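*Asks:* Below is one structure. I have some questions about it.
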Amino acid sequence: MAQAAKVPVERRKTERTALRLSAMLRDAKRGRVKARVIDMSTNGCRVECTAPVDDDTWVWLQIAGLENQFCRVAWHCQEFIGLEFEKPLAEAVFNKLLADQSVLPDNAIKDLRSIATRAHWLARSADDEQIAILADLSRKCAVDAVVEGLRIGQGAKAR
1 MAQAAKVPVE RRKTERTALR LSAMLRDAKR GRVKARVIDM STNGCRVECT APVDDDTWVW
61 LQIAGLENQF CRVAWHCQEF IGLEFEKPLA EAVFNKLLAD QSVLPDNAIK DLRSIATRAH
121 WLARSADDEQ IAILADLSRK CAVDAVVEGL RIGQGAKAR
């Protein structure tokens, strides 16, 4: 009898918002490595980073204009990593990050589309657990790209 695919249980405490921030990750094994924040909430974020990581390890996340965050690697799949902040961001700090990126630039929207496509293709050769993670990432990035594109269009009409 075929075994049903394991779908990860949604444990997120708050909904993430699309952001495109340059960042650095640092852990005990290696120096700083470049990363890009894809989305974020007050409790954590999803980053794109080619450095290998292990689940349930701790890393430092460095983002310009934000105090360094000590984070637990909640999950990783290919080059995508889910981080949980040790201490949630203050709502005012999170809102400032959102205000600074009130409208994503065109190249960030293109990045979201690219990530959605890449995640879709990576899912084709992934195991059952990774397929669910990559499918969720692909869907979220595709939706965020459409929403942000519409927001840019509405902003242009308002001017």
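Quick note: the sequence shown uses the working numbering, first residue 1, plus one each step. Glycine included, C-beta positions come from ideal geometry on N, C-alpha and C. Since the structure is predicted, the reported quantities are computational estimates derived from the model, not experimental observations.
1. Count the other CB atoms, across all protein chains shown, that sit within 10 Å of the CB of R46; report buried if there are 16 or more and exposed otherwise.
2. So for C49, helix, strand or coil by DSSP?
3. Tell me which residue opens and which closes the alpha helix (DSSP H) that E86 is part of.
4. Using beta-carbon positions only, say whether L61 and A18 come within less than 9 Å of one another.
5. Output the boundary residues of the alpha helix (DSSP H) element that contains E91.
6. Taking one C-beta from the stretch 35-54 and one from the stretch 79-93 each time, how about it: are there three or more such pairs within less than 8 Å?
7. Provide the residue(s) that pair with Q130 in DSSP beta bridges, ordered along the chain.
8. Is A74 closer than 9 Å to L83 when the C-beta atoms are compared?
9. Taking 9 Å as the cut-off, decide whether the C-beta atoms of A145 and R124 are in contact.
10. Note down, in chain order, each residue of its chain lying with its Cβ closer than 7 Å to the Cβ of A126, except the 5 sequence neighbours on either side.
11. Start and end of the beta strand (DSSP E) containing D39?
12. Out of curiosity, what's the CA-to-CA distance linking K140 and V33?
13. My output table needs one value for N43: the three-state DSSP class, helix, strand or coil.
*Replies:* This is what the structure holds:
1. buried
2. coil
3. Looking at the DSSP string, E86 is not in any alpha helix (DSSP H), and its letter there is neither H nor E.
4. no
5. E91 to D100
6. yes
7. Per DSSP, none; premise fails for Q130.
8. Taking the C-beta atoms as reference points, A74 is found nearer than 9 Å to L83.
9. no
10. L134
11. V33 to M40
12. 25 Å
13. coil
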